[in-house]
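To keep things clear, I will list the structure first and then write my remarks on it.
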Amino acid sequence: MGKIKTIGILTSGGDAPGMNAAIRAVTRAGICNGFNIKGIYRGYDGLIYDDIKPFTTENVSGIIMQGGTILKTARSKAFMTPEGRAKAYENLKKEQIDALVVIGGNGSLTGAKDFAQEYDLCCIGLPGTIDNDLYGTDTTIGYDTTLNTIVDCVDRIRDTAQSHERIFFIEVMGRDAGYLAQNSAIASGAEAAIIPEDSTDVDQLAKFMERGIRKSKKSCIVIVSESPKCGAMYYANRVKKEFPEFDVRVSILGYVQRGGRPSAHDRILASRTGVGAVEAIMQGQRNVMVGIHNNEVTYIPLVEAVRSDKPFDRKLIEVLDELSI
Numbered sequence: 000m001g002k003i004k005t006i007g008i009l010t011s012g013g014d015a016p017g018m019n020a021a022i023r024a025v026t027r028a029g030i031c032n033g034f035n036i037k038g039i040y041r042g043y044d045g046l047i048y049d050d051i052k053p054f055t056t057e058n059v060s061g062i063i064m065q066g067g068t069i070l071k072t073a074r075s076k077a078f079m080t081p082e083g084r085a086k087a088y089e090n091l092k093k094e095q096i097d098a099l100v101v102i103g104g105n106g107s108l109t110g111a112k113d114f115a116q117e118y119d120l121c122c123i124g125l126p127g128t129i130d131n132d133l134y135g136t137d138t139t140i141g142y143d144t145t146l147n148t149i150v151d152c153v154d155r156i157r158d159t160a161q162s163h164e165r166i167f168f169i170e171v172m173g174r175d176a177g178y179l180a181q182n183s184a185i186a187s188g189a190e191a192a193i194i195p196e197d198s199t200d201v202d203q204l205a206k207f208m209e210r211g212i213r214k215s216k217k218s219c220i221v222i223v224s225e226s227p228k229c230g231a232m233y234y235a236n237r238v239k240k241e242f243p244e245f246d247v248r249v250s251i252l253g254y255v256q257r258g259g260r261p262s263a264h265d266r267i268l269a270s271r272t273g274v275g276a277v278e279a280i281m282q283g284q285r286n287v288m289v290g291i292h293n294n295e296v297t298y299i300p301l302v303e304a305v306r307s308d309k310p311f312d313r314k315l316i317e318v319l320d321e322l323s324i
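Under numbering that gives the first Met the number 0, the first residue of the sequence shown carries the number 0, and numbering increases by one thereafter.
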């Protein structure tokens, strides 16, 4: 493969606060080091349909504080097919893009891994997902902002819960990862969190009801990781049937969690990993995700980042159990 001259950037999958800061960092670090930069709009669909434009420093001026992504995003079904990837590769060659920086979550980086292997490309991933479920980085771009948004919402709901002496089941994002639910429960003083990492033969609701509802605690907050089968509505309906003496309500936070201005933490994380992506390209690295571990920039093979399970600190469960008595 020849010398890399042009870097393409795209955002894919669910948007996350801080993606714009990452786009800005890759663009400016790339230009600073002599690369041409091209922005690819609407994720992998932009590669397939050639929705690609040259980027300058002016394109990314004033975006570090904006939520969402100026490049737009999409979940591309066409890119999952060999025909779609072939068309995407033809447009990469047409646009003379030598390296691709993909900002997204597990599915997006899996796409980058497959694309890189299939066409011997240089693909660099940045961990842009609110779920914080990518292996090899302490946090992902968007997670901190979303966590703070959830805590703010829970604080407001607690006022109503206490005023009416109700049990509130609050559903948050993170279907396969409980980081948002567990840490927002600790930060907001919730009485319990129901997360996938704690799903055992023990009935989580029964465990919570046995220890969490006492005469001295007539209102409480339970944070639930979203699930098509066992979400907040499921547990609320069970309480209504099994413990009819309690007044139960449900709040599903939904897409309010994804929006908003990124926190300082997410802006710094996005900026450091964005610069790290350009440095990886300059070093000749290929097919890695840039993360931050123990405050150091790290490079994790894409295959490990998307296939390895991120270790969940079970001490967090103990912390919440002890503090919710």
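Ideal Cβ placement from N, Cα and C applies to all residues, glycine included.
Answer yes or no: do Thr348 and Pro261 have a C-beta to C-beta separation smaller than 8 Å? The structure shown does not extend to residue 348, since the chain is modelled only from 0 through 324, so no value can be given for it.
Would you kindly work out how many angstroms separate the C-alpha atoms of Asp265 and Lys309, rounded to a whole number? On the sequence shown, residue 265 is found 266 positions in, with the first residue counted as 1. On the sequence shown, residue 309 is found 310 positions in, with the first residue counted as 1. The straight-line gap from Cα to Cα measures roughly 19 Å.
Val101 and Cys122 - do their beta-carbons sit closer together than 8 Å? Taking the sequence shown and counting its residues from 1, one reaches residue 122 at position 123. Taking the sequence shown and counting its residues from 1, one reaches residue 101 at position 102. In this structure, Val101 lies closer than 8 Å to Cys122 by Cβ.
Cβ of Ile22 within 8 Å of Cβ of Val59? Locating residue 22 in the sequence shown gives position 23, where the first residue counts as 1. Locating residue 59 in the sequence shown gives position 60, where the first residue counts as 1. Yes, the pair counts as a contact, with Cβ atoms nearer than the cut-off.
Closest residue to Leu204 among Thr136, Val223, Ser187, Glu303 (Cα-Cα distance): Translated into the one-based positions of the sequence shown, residue 204 becomes position 205. For the residues Thr136, Val223, Ser187, Glu303, the minimum Cα distance to Leu204 belongs to Val223.
For the region 265 to 283 and the region 28 to 35, state whether three or more C-beta atom pairs, one from each stretch, are separated by less than 8 Å. yes
Length at least 4, wholly inside the region 282 to 317: the alpha helix (DSSP H) runs in chain order: 301 to 306
DSSP three-state call for Pro126: helix, strand or coil? Residue mapping note: residue 126 aligns to position 127 of the sequence shown, counting from 1. Strand, per DSSP.
Over the uninterrupted alpha helix (DSSP H) stretch that includes Gly29, give me the two end residues. For the purposes of this step, residue 29 is taken as the residue at position 30 of the sequence shown. It spans 18 to 31 - the alpha helix (DSSP H) in which Gly29 sits, taken as one unbroken run.
Check this for me: beta carbons of Ala98 and Ile220, under 8 Å apart or not? On the sequence shown, position 99 is the one that residue 98 refers to. On the sequence shown, position 221 is the one that residue 220 refers to. Cβ distance not < 8 Å, so Ala98 and Ile220 don't count as in contact.
From what residue to what residue does the alpha helix (DSSP H) around Lys240 run? Numbered from 1 along the sequence shown, position 241 holds the residue referred to as residue 240. First-last of the alpha helix (DSSP H) with Lys240: 231 to 241.
C-alpha distance - Pro227 paired with Arg174, whole-angstrom precision: Sequence index remark: in the sequence shown, residue 227 carries index 228 (1-based). Sequence index remark: in the sequence shown, residue 174 carries index 175 (1-based). So the alpha carbons of these two residues sit roughly 8 Å apart.
Using the Cα positions of Ile299 and Phe245, report the straight-line distance between them to the nearest angstrom. Within the sequence shown, the letter at position 300 stands for residue 299. Within the sequence shown, the letter at position 246 stands for residue 245. Rounded to the nearest whole angstrom, the CA to CA distance from Ile299 to Phe245 is 48 Å.
Secondary structure of Lys71, DSSP reduced to three states: Mapped onto the sequence shown, residue 71 falls at position 72. Lys71 sits in coil when the DSSP states are folded into three classes, being neither helix nor strand.
Option nearest Phe114 by Cα separation, candidates Glu82, Lys93, Gly141, Asp132: Taking the first residue of the sequence shown as position 1, residue 114 is located at position 115. Ranking Glu82, Lys93, Gly141, Asp132 by Cα distance to Phe114 puts Glu82 first.
Determine the contact status of Gly177 and Ala15, defining contact as a CB-CB distance below 8 Å. Here residue 177 refers to the residue found at position 178 when the sequence shown is read from its first residue. Here residue 15 refers to the residue found at position 16 when the sequence shown is read from its first residue. Not in contact: Gly177 and Ala15 (Cβ atoms no closer than 8 Å).
Report all residues from its chain with a CB closer than 8 Å to the CB of Ile47; omit the five preceding and five following residues, and keep chain order. As a first step, residue 47 must be located in the sequence shown, where it is residue number 48. So the list reads Ser75, Ala77, Phe78, Gly83, Lys86, Ala87, Asn90, once near-sequence residues are dropped.
Per DSSP, the bridge partner or partners of Ala192: The residue labelled residue 192 in the question sits at position 193 within the sequence shown. Answer is Ile222.
Could you tell me which residues DSSP puts in a beta bridge with Val247? Against the sequence shown, residue 247 aligns to sequence position 248. In DSSP, Val247 forms a bridge with Ile166.
Classification of Asn294 by the beta-carbon crowding that lies within 10 angstroms, buried from 16 upward: On the sequence shown, residue 294 is found 295 positions in, with the first residue counted as 1. Exposed, because fewer than 16 other Cβ atoms sit within 10 Å of the Cβ of Asn294.
Can you give me the C-alpha to C-alpha distance between Lys314 and Leu322, rounded to a whole angstrom? Against the sequence shown, residue 314 aligns to sequence position 315. Against the sequence shown, residue 322 aligns to sequence position 323. Near 12 Å, if we compare the C-alpha coordinates of Leu322 and Lys314.
Taking the alpha-carbon positions, what's the Glu170 to Leu252 distance? Within the sequence shown, numbered from 1, the residue matching residue 170 stands at position 171. Within the sequence shown, numbered from 1, the residue matching residue 252 stands at position 253. If I take the Cα positions, the gap works out to 6 Å.
If we ignore side chains and look at the alpha-carbon of each, how far apart do Gly124 and Arg165 end up? Numbered from 1 along the sequence shown, position 125 holds the residue referred to as residue 124. Numbered from 1 along the sequence shown, position 166 holds the residue referred to as residue 165. Going by the C-alpha atoms only, they are around 44 Å apart.
Decide if Asp154 is buried, meaning its Cβ has at least 16 other Cβ atoms within 10 Å, or exposed. In the sequence shown, the residue the question calls residue 154 occupies position 155. With fewer than 16 Cβ atoms within 10 Å of its Cβ, Asp154 is classed as exposed.
Between Met64, Gly188, Ile69, which lies nearest to Ile8 when the distance is taken from Cα to Cα? What you label residue 8 is simply residue 9 of the sequence shown in a count that begins at 1. Closest by alpha carbon: Ile69.
Could you tell me which whole alpha helix (DSSP H) segments of length 4 or greater appear in the region 100 to 155? 105 to 118
Note down, in chain order, each residue of its chain lying with its Cβ closer than 6 Å to the Cβ of Val150, except the 5 sequence neighbours on either side. Counting from one through the sequence shown, the residue named residue 150 turns up at place 151. The residues are Ser183, Ala186, Ser187.
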